[in-house]
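Presented below is the structure to which this report refers.
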Amino acid sequence: QVAALAIKTQSLDTPVGSLSGGNMQKVALGKCLAAGPRILLLNNPTRGVDIGAKAEIYRVIRALADAGMAVLMVTEDLPELLGMSDRILITRRGRISQEFASGARPSEEDAVKWMM
5 QVAALAIKTQ SLDTPVGSLS GGNMQKVALG KCLAAGPRIL LLNNPTRGVD IGAKAEIYRV
65 IRALADAGMA VLMVTEDLPE LLGMSDRILI TRRGRISQEF ASGARPSEED AVKWMM
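Note that the working numbering gives residue 98 to position 94 of the sequence shown, counting from 1, and the numbers run on in steps of one.
Quick look at the structure:
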């Protein structure tokens, strides 16, 4: 799993708490994947990680989705949302205010409008 998730560590014995934020996030993702889920629920999966780690996490998420795993991602990062999603549901006051199916991408401005 360490190589597949591109976790950068000096040793497999390195404490997770001493890893970078991006590598800690990848360890958390690996822990979830070790359980063999059919659905992966991610909440702000790249918050607080550097650009390189984001790209690696995106690569893993995309590969999982391409392999048929259902991935539900909740994020406040609009570029992340628009770039990673096959389907987008925007909620407002606890209800779905807009849905964008595969291929239909709202602009950031339109997405914000539907959230407000």
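Note that the Cβ used here is the ideal one computed from N, Cα and C, for glycine as well.
Every value quoted in this text rests on a predicted model; they were computed, and no experiment measured them.
Member of the options whose CA lies at the smallest distance from the CA of residue i
i    : options               : result
G87  : I43, R96, R63         : R63
S106 : L93, P41, K35, G52    : L93
A97  : I61, L33, Q29, W118   : According to the sequence shown, residue 97 is Arg rather than Ala. Taking only the C-alpha atoms, the option nearest R97 is W118.
F104 : V31, R91, E113, L37   : R91
S24  : G34, I61, K12         : K12
G34  : A71, I65, A59, I100   : I65
T95  : R109, G21, E80        : E80
N48  : R109, S101, E84, I100 : E84
M120 : R109, S89, R99        : R99
Within 7 Å, strictly: CB atoms of residue i and residue j
i   : j   : result
V67 : V75 : Note that residue 67 is Ala in the sequence shown here, rather than Val. Not in contact: A67 and V75 (Cβ atoms no closer than 7 Å).
Chain-order list of residues whose beta-carbon lies under 8 Å from that of residue i (same chain, five-residue window excluded)
i   : result
G56 : G26
P41 : M73
L82 : E112, A115, V116
T18 : none
Proximal residues to residue i (C-beta, below 6 Å), its chain only, five neighbours per side dropped
i   : result
I43 : A74
L46 : M77
T50 : K58, I61
S89 : none
Same chain, Cβ closer than 7 Å to residue i, five either side skipped, listed in chain order
i    : result
V20  : M28, V31
C36  : L44
Q102 : I94, W118
R109 : L86
**Item:** Runs of beta strand (DSSP E) lying entirely within the segment 50-89, each at least 3 residues, in chain order
**Value:** 74-78
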